[in-house]
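Let me begin by presenting the structure, written as structure tokens, before commenting on it.
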Amino acid sequence: MKKDKIIFDLINEEQQRQEQGLELIASENFVSEQVMLAAGSVLTNKYAEGLPGKRYYGGCEVVDEIENIAIDRAKQLFNAAWANVQPHSGAQANAAVFLAVLNPGDKILGFDLAHGGHLTHGSPVNFSGKVYTPFFYGVDEETGLINYKQLEEVALREKPKLIICGASAYSRDWDYEFIRAVADKVGALVLADISHPSGLIARGLLKDPLPHCHIVTTTTHKTLRGPRGGLIMMGKDFENPFGIKTPKGEIRMMSSLLDGAVFPGTQGGPLEHIIAAKAIAFGEALSDEYMDYALQVKKNAQAMAKAFVNRDYKIISGGTDNHLMLIDLSNKNITGKVAEEALGAADITVNKNMVPFDKRSPFVTSGIRVGTAAITTRGLKEEHMEIIVGFIDEVIKNHEDETILSNIADQVNDLMEKFPLYKG
Ligand code: PLP
11 MKKDKIIFDL INEEQQRQEQ GLELIASENF VSEQVMLAAG SVLTNKYAEG LPGKRYYGGC
71 EVVDEIENIA IDRAKQLFNA AWANVQPHSG AQANAAVFLA VLNPGDKILG FDLAHGGHLT
131 HGSPVNFSGK VYTPFFYGVD EETGLINYKQ LEEVALREKP KLIICGASAY SRDWDYEFIR
191 AVADKVGALV LADISHPSGL IARGLLKDPL PHCHIVTTTT HKTLRGPRGG LIMMGKDFEN
251 PFGIKTPKGE IRMMSSLLDG AVFPGTQGGP LEHIIAAKAI AFGEALSDEY MDYALQVKKN
311 AQAMAKAFVN RDYKIISGGT DNHLMLIDLS NKNITGKVAE EALGAADITV NKNMVPFDKR
371 SPFVTSGIRV GTAAITTRGL KEEHMEIIVG FIDEVIKNHE DETILSNIAD QVNDLMEKFP
431 LYKG
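Residue numbers 11 to 434, in my numbering, belong to the letters of the sequence shown in order.
The following block contains the structure:
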């Protein structure tokens, strides 16, 4: 077959973009070369519907071994009692959990998308808000911290079947114990979606939801630094296996409900090439090297937050406990949309983001979200955070000046040249 030059040229172009620029999108990272190799391996050819040892296809002996290793490593990494490594993405992992534990129309309580939550936690444009009946909690306007009082009030009033915690744009840790206590009062299950900080949680740098929340989901490609994908886990509750009543009134074990909700409930054949890449990433995340990385991600985020505050930028909640921060640009006379575009012209990639109580639409927004997971993989340290914030400030102040933006792009490219991405 003739090599598809059009696509491979574009892939090269994208690689160059990634190598030359400053990647500050909080949900992105750079996988290792071995993760990339597995993701592009012959395993993409294999069908393997079902679970290891219980497949609907022949020839699964090898992929069974790979998937079992991925499951074992995920359990070891998160100290989980049970794991399913098949979800194709974070949204798919959440869809499977909802299918397993809810009936259409059931009430759910999630963190408001407009305050930093995720679409799959009940947004009206997502299946979670269309199929189920969503209620929300948000952050306190003064402090920018989760309003736990509101969470409890709404839970006691609405008695949801599922309470979801976790976020896409929240820079602080969570009080999982409190949320579980609220859930117990109303007979709800708790889902912790730790998609963003899961790498930091795995290495003990943030609170652990597994002892408190019935079910935990995560993407595998953010701080965890694996291939794009999802993962579902259960901790302590599964050690004392718990069940749930199906619409027919039978009690089914949660693990088998969740397995069934992934396949055949919401997915077909698992992506065994991605599962192999996940297994490698979990193995990497168990290493001392990754521990150093995770510590550095946090140090960099804290140094970056401090540098922003020193330049009179308003960080929601005043700082960060994890790898990201949400910056309210209202005092800088620029929208999130314009800031994202101007930063892009300077080879700095961020995403515009609504800030809590934002008066602008999600297409315009008043803020940007930035994170340190990807730049820390490149090797950047605390001393570079001040330089980066200097670049960002210069862009924001001069966002209409193309010469300045191009000059910053040159400086960004010079800096990133010192931190090669893929050496091989
Ligand atoms: N949950 C949270 C909290 C997220 O931040 C995201 C992605 O940004 C997802 C779920 C969805 O993950 P995916 O894009 O892999 O479907």
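Backbone N, C-alpha and C define an ideal beta-carbon position, used for all residues, glycine too.
> Can we count residue 235 as close to the ligand PLP, meaning its CB is less than 7 Å from some heavy atom?
Replying inline: Taking the first residue of the sequence shown as position 1, residue 235 is located at position 225. Remark: the shortest separation between the CB of residue 235 and any heavy atom of the ligand PLP does not fall under 7 Å.
>> For residue 207 and residue 158, I'd like the C-alpha separation in whole angstroms.
In response: Counting from one through the sequence shown, the residue named residue 207 turns up at place 197. Counting from one through the sequence shown, the residue named residue 158 turns up at place 148. Note on geometry: alpha-carbon atoms of residue 207 and residue 158 lie some 20 Å from one another.
> Which residue comes first and which comes last in the beta strand (DSSP E) that contains residue 132?
Replying inline: Along the sequence shown, one-based indexing puts residue 132 at 122. It is not in any beta strand (DSSP E) - residue 132 carries neither H nor E in the DSSP assignment.
>> Taking the straight line between their C-alpha atoms, what separation do you get for residue 127 and residue 56?
In response: Residue mapping note: residue 127 aligns to position 117 of the sequence shown, counting from 1. Residue mapping note: residue 56 aligns to position 46 of the sequence shown, counting from 1. When rounded, the distance between both Cα atoms is 35 Å.
> Going along the chain, which unbroken runs of the alpha helix (DSSP H) with 4 or more residues stay wholly within the segment 29-104?
Replying inline: 43-49, 71-88
> Measuring from the CB of residue 181, is there a heavy atom of the ligand PLP at a distance below 7 Å?
Replying inline: For the purposes of this step, residue 181 is taken as residue 171 along the sequence shown, with counting starting at 1. No, the Cβ of residue 181 stays beyond 7 Å of every heavy atom of the ligand PLP.
>> Buried or exposed for residue 235, going by 16 or more other Cβ atoms inside 10 Å?
In response: Numbered from 1 along the sequence shown, position 225 holds the residue referred to as residue 235. Buried, since its Cβ has 16 or more Cβ neighbours within 10 Å.
>> Quick check on the DSSP output: the alpha helix (DSSP H) that includes residue 292 runs from which residue to which?
In response: Here residue 292 corresponds to residue number 282 of the sequence shown, with the count starting at 1. Unbroken alpha helix (DSSP H) run through residue 292: 282-295.
> For residue 334 versus residue 405, is the C-beta distance shorter than 8 Å?
Replying inline: Taking the sequence shown and counting its residues from 1, one reaches residue 334 at position 324. Taking the sequence shown and counting its residues from 1, one reaches residue 405 at position 395. For residue 334 and residue 405, no; Cβs fall outside 8 Å.
> With respect to the beta strand (DSSP E) encompassing residue 226, which residues constitute its N-terminal and C-terminal limits?
Replying inline: Translated into the one-based positions of the sequence shown, residue 226 becomes position 216. 225-229 is the extent of the beta strand (DSSP E) around residue 226.
> What number of angstroms, rounded off, separates the C-alpha of residue 224 from the C-alpha of residue 183?
Replying inline: Taking the first residue of the sequence shown as position 1, residue 224 is located at position 214. Taking the first residue of the sequence shown as position 1, residue 183 is located at position 173. Residue 224 and residue 183: Cα-Cα distance of roughly 18 Å.
>> Comparing C-alpha positions only, which one of 396, 411, 310, 338 sits nearest to residue 352?
In response: The count along the sequence shown starts at 1 and reaches residue 352 at position 342. The residue with the shortest Cα to Cα distance from residue 352 is 411.
> Since residue 100 and residue 233 are thought to touch, with beta carbons under 8 Å apart, how far apart are those beta carbons, to the nearest angstrom?
Replying inline: Here residue 100 refers to the residue found at position 90 of the sequence shown. Here residue 233 refers to the residue found at position 223 of the sequence shown. Not confirmed; about 13 Å, so no contact.
> For residue 30, which residues of its own chain have a beta-carbon under 8 Å away from its beta-carbon, when the five flanking residues on both sides are left out?
Replying inline: Here residue 30 refers to the residue found at position 20 when the sequence shown is read from its first residue. Excluding positions up to five away in sequence, the list reads 357, 422, 423, 426, 427.
> Since residue 374 contacts residue 407 with CB under 8 Å, what's their CB separation in whole angstroms?
Replying inline: Stepping through the sequence shown from its first residue, residue 374 is reached at position 364. Stepping through the sequence shown from its first residue, residue 407 is reached at position 397. Actually they do not touch by this definition, with Cβ atoms about 20 Å apart.
> Just to confirm, are residue 306 and residue 102 a CB contact at a threshold of 8 Å?
Replying inline: Locating residue 306 in the sequence shown gives position 296, counting from the first residue. Locating residue 102 in the sequence shown gives position 92, counting from the first residue. Against a cut-off of 8 Å, the Cβ pair of residue 102 and residue 306 comes out as no contact.
> Are residue 344 and residue 324 touching if we call contact CB-CB under 8 Å?
Replying inline: In the sequence shown, residue 344 corresponds to position 334, counting from 1. In the sequence shown, residue 324 corresponds to position 314, counting from 1. Cβ distance not < 8 Å, so residue 344 and residue 324 don't count as in contact.
> What number of angstroms, rounded off, separates the C-alpha of residue 179 from the C-alpha of residue 132?
Replying inline: Here residue 179 refers to the residue found at position 169 of the sequence shown. Here residue 132 refers to the residue found at position 122 of the sequence shown. Looking at the two C-alpha atoms, the distance is approximately 16 Å.
> For residue 210, which residues from the same chain have a beta carbon less than 8 Å from its beta carbon, with the 5 sequence-adjacent residues on both sides left out?
Replying inline: Translated into positions along the sequence shown, residue 210 becomes position 200. Excluding sequence neighbours, residue 210 sits near 216, 233, 304, 307, 308, 332, 333.
>> In this structure, how does DSSP classify residue 334 when only helix, strand and coil are distinguished?
In response: Sequence index remark: in the sequence shown, residue 334 carries index 324 (1-based). Looking at residue 334 - three-state DSSP - the assignment turns out to be strand.
>> Is the beta carbon of residue 49 closer than 8 Å to that of residue 231?
In response: Residue mapping note: residue 231 aligns to position 221 of the sequence shown, counting from 1. Residue mapping note: residue 49 aligns to position 39 of the sequence shown, counting from 1. Cβ atoms of residue 231 and residue 49: not closer than 8 Å.
> Quick one: what's got a C-beta closer than 8 Å to residue 265's C-beta in the same chain, skipping five residues either side?
Replying inline: Your numbering for residue 265 matches position 255 in the sequence shown. Closer than 8 Å at the Cβ level, and outside the excluded window around residue 265, lie 92, 244, 248, 251.
> Nearest CA to the CA of residue 98: which residue from 272, 11, 162, 192?
Replying inline: In the sequence shown, the residue the question calls residue 98 occupies position 88. Of the listed residues, the one whose Cα sits closest to residue 98 is 272.
> Thinking just about the alpha-carbon of each residue, which of 61, 399, 287, 212 is nearest to the one in residue 298?
Replying inline: Taking the first residue of the sequence shown as 1, we reach residue 298 at position 288. Answer by Cα proximity: 212.
> Mind checking whether residue 125 and residue 366 have CB atoms under 8 Å apart?
Replying inline: Start at 1 with the first residue of the sequence shown, and residue 125 comes out as number 115. Start at 1 with the first residue of the sequence shown, and residue 366 comes out as number 356. Yes; because the gap between Cβ atoms is below 8 Å, this pair is in contact.
> For the ligand PLP, any of its heavy atoms closer than 7 Å to the Cβ of residue 423?
Replying inline: As a working note, residue 423 is residue 413 in the sequence shown. The answer is no for residue 423.
> Does the Cβ of residue 350 have 16 or more other Cβ atoms within 10 Å, making it buried, or fewer, making it exposed?
Replying inline: If you number the sequence shown from 1, residue 350 lands on position 340. Its Cβ being crowded by 16 or more others within 10 Å, residue 350 is buried.
> What does a CB cutoff of less than 7 Å around residue 363 pick up in its chain, not counting 5 residues either side in sequence?
Replying inline: Here the question's residue 363 lines up with position 353 in the sequence shown. Result list for residue 363: 179, 336, 346, 375, 377, 378, 379, in chain order.
> For residue 198, is the beta carbon positioned less than 7 Å from some heavy atom of the ligand PLP?
Replying inline: The residue you call residue 198 lines up with position 188 of the sequence shown. Incorrect: residue 198 has no Cβ contact closer than 7 Å to the ligand PLP.
> Beta carbon of residue 94, beta carbon of residue 269: below 8 Å?
Replying inline: Here the question's residue 94 lines up with position 84 in the sequence shown. Here the question's residue 269 lines up with position 259 in the sequence shown. Contact flag set, yes.
>> What residue range does the alpha helix (DSSP H) around residue 420 cover?
In response: Taking the sequence shown and counting its residues from 1, one reaches residue 420 at position 410. Per DSSP, residue 420 belongs to the alpha helix (DSSP H) from 412-427.
> What three-state label does DSSP hand residue 363 in the structure shown?
Replying inline: Indexing the sequence shown from 1 puts residue 363 at position 353. Here residue 363 sits in strand by DSSP.
>> Shorter than 7 Å, the distance from the beta carbon of residue 54 to the closest heavy atom of the ligand PLP, or not?
In response: If you number the sequence shown from 1, residue 54 lands on position 44. Outside the cutoff, so no.
>> Nearer than 7 Å: is that true of the beta carbon of residue 177 relative to any heavy atom of the ligand PLP?
In response: Counting from 1 along the sequence shown, the entry for residue 177 is found at position 167. Answer for residue 177: yes, Cβ within range of the ligand PLP.
> Among residues of its own chain, excluding the 5 on either side of residue 437, which ones have a beta-carbon nearer than 6 Å to its beta-carbon?
Replying inline: Any answer about residue 437 is impossible in this case: the structure gives the chain only from 11 up to 434.
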